[in-house]
């Protein structure tokens, strides 16, 4: 899972802060319906979203079957 590539000035300005995203992990493990729960700045938020779109998750299961779930993700801003 790649880390977000934050713009340089933003990564300095928001160092040690976190972008919080709400996402749905589909039954196939692919993230969908990504929303920003705690925004920092549009370019920082977008970098976090673009990174998470490339991630693959292990799907949740219910009664042995893969199911979609909504989760929160905190992505730290690092320089």
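Residue numbers (my numbering): -11 to 67.
Heads up, the beta-carbon is just placed ideally off N, CA and C, and yes, glycines get one too.
The model shown is predicted, which means the values in this text are computed figures rather than measured ones.
Query: Cβ separation of residue -6 and residue 32, assumed to be a contact under 8 Å, to the nearest whole Å; Result: 6 Å
Query: Residues of its chain near residue 12, where Cβ-Cβ distance is below 6 Å and the 5 sequence neighbours each way are ignored; Result: 20, 21, 56 and 58
Query: Residue 10 vs residue 29 beta-carbon contact at 8 Å; Result: no
Query: Residue range of the alpha helix (DSSP H) that includes residue 41; Result: 30 to 41
Query: Residue 17 to residue 44 span [Cα, whole Å]; Result: 6 Å
Query: For residue 24 and residue -1, the rounded distance between their alpha carbons; Result: 17 Å
Query: Within 8 Å, strictly: CB atoms of residue -10 and residue 63; Result: no
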